[in-house]
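Numbering follows the UniProt record's numbering, in which position 163 of the sequence shown is assigned residue number 163; successive positions increment by one, without gaps.
Glycine residues also receive a C-beta, built at the ideal position from the N, C-alpha and C atoms.
See below for the structure under consideration.
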Amino acid sequence: MQETLDVHMKVHTGEKPFVCETCGRRFALKQALDVHMKVHTGEKPFACETCGKRFCEKAALNRHMKVHTGEKPFVCETCGKRFGYKSALNIHIRVHTGEKPFACETCGRRFSRKGNLSIHMRVHTGEKSFACETCGQRFALKQALDVHMKVHTGEKPFACESCGKRFTSNIHRRVHTGEKPLPCETCGQRFAYKQALVVHMKVHTGEKPFACETCGKRFGFKTALNYHLRVHTGEKPFSCETCGKRFGYKTALNRCRTAVSLNVPLLPAAGVPATLFLLWCILTRKQMRS
């Protein structure tokens, strides 16, 4: 009994006398150190009889078995959703409480899961750990690489029941259903696609990770930076098929087409909304006729 009490007291004293000689991590119990050592040795003595997957701890095997049994003993008291693990329930509860305990030290954005924070940090570090073995393009997320690989294989396993087109993922159907399952946790605006939500979040964070090397101006999106660079390079990739003029931006080309179709002079209208520009064209045409 005294030995059991002595072991328990380490919970309060914080004493951790057992040290891993490989990585230096400390433990309060010898059994905990023995389990930890399997991380370094790669030993996994506990095997799942259903799928063969192996584990270094019996407790980890027991948790895994719920994948096969479908057992979900932990219930959310707010919405009734069930979970196989207590840890999964605790994370889920943050959906209801709004708790976001993990904060980005760079931009201050907060997350409900540590894994989401780790993924977010790649925005600042530029880390892209997943490389395509075919073309060398790199990605920050494994899911993004998996989707990209279908470009090379030509695989399009998902057929749209509405229009018949085939796609590499199943999210195209949201075009037809209008489904927007991804809400912004800051303002509540909803989005159909994760990438659209990621882009939108920069409105709230003010994050502008892409800088112009020429003038230093910063942008929230790589596409916006590429768009801006034409100011410095003078590149004009858009050509009007009627008058032959070239433009740096698609919007300027559209203005030219409008002016040509109405037979009015082209107004140097950078920054003028398209509706006002069209109104100017119509009024100018009327004045030319009168």
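Residue i, buried or exposed, once every other Cβ within 10 Å from all chains shown has been counted against 16
i, result
"Cys215", "exposed"
"His176", "exposed"
"Leu29", "exposed"
"Cys163", "exposed"
"Ser129", "exposed"
"Ser112", "buried"
"Cys256", "buried"
"His120", "buried"
"Ala259", "buried"
"Val147", "exposed"
"Val19", "exposed"
"Val123", "buried"
Contact check, residue i vs residue j, beta carbons under 8 Å
i, j, result
"Phe210", "Lys222", "yes"
"Arg180", "Phe167", "Checking the displayed sequence, the identity of residue 180 turns out to be Lys instead of Arg. The answer is no: Cβ separation not under 8 Å."
"Cys243", "Leu253", "no"
"Lys66", "Arg82", "no"
"His228", "Lys217", "yes"
Whole-angstrom distance between residue j and residue i, CA atom to CA atom
i, j, result
"Arg110", "Thr186", "11 Å"
"Thr153", "His172", "19 Å"
"Lys100", "Arg94", "7 Å"
"Tyr193", "Lys202", "15 Å"
"Asn62", "Cys56", "11 Å"
"Val75", "Gly98", "18 Å"
"Asn226", "Leu117", "27 Å"
"Lys142", "Gly80", "31 Å"
"His36", "Cys184", "40 Å"
"Gly24", "Ala59", "24 Å"
"residue 292", "Phe158", "Outside the shown range of the chain, which is 1 to 290, sits residue 292, and nothing can be said about it."
"Lys38", "Cys48", "17 Å"
"Gly126", "Leu145", "16 Å"
"Asp34", "Phe46", "15 Å"
"Ile91", "Lys114", "10 Å"
"Val231", "Thr205", "26 Å"
Own chain partners of residue i with C-beta closer than 7 Å, once the 5 adjacent residues on each side are dropped
i, result
"Pro17", "none"
"Lys245", "Cys256"
"Glu235", "Gly248"
"Lys53", "His64"
"Thr134", "His152"
"Leu197", "Leu182, Cys184, Phe191"
Nonlocal neighbours in the same chain, by C-beta distance under 6 Å from residue i, ignoring five residues either side
i, result
"Arg138", "Lys128, Ala131"
"Thr78", "His96"
"Phe219", "Lys208, Phe210, Leu225"
"Glu21", "none"
"Lys44", "Arg54, Phe55, Cys56"
"Lys250", "Phe238"
Same chain, Cβ closer than 8 Å to residue i, five either side skipped, listed in chain order
i, result
"Gly42", "none"
"Lys156", "Lys150, Arg166, Phe167, Thr168"
"Arg26", "Lys16, Pro17, Phe18, Val19, Cys20"
"Cys212", "Arg218, Phe219, Leu225, His228, Leu229, His232"
Any non-hydrogen atom of the ligand PLP within 7 Å of residue i CB
i, result
"Lys100", "Judged by which ligands are present, the structure shown has none, so any question about the ligand PLP falls away."
Is it a yes or a no for the region 98–115 touching the region 83–90, going by three-plus beta-carbon pairs under 8 Å? no
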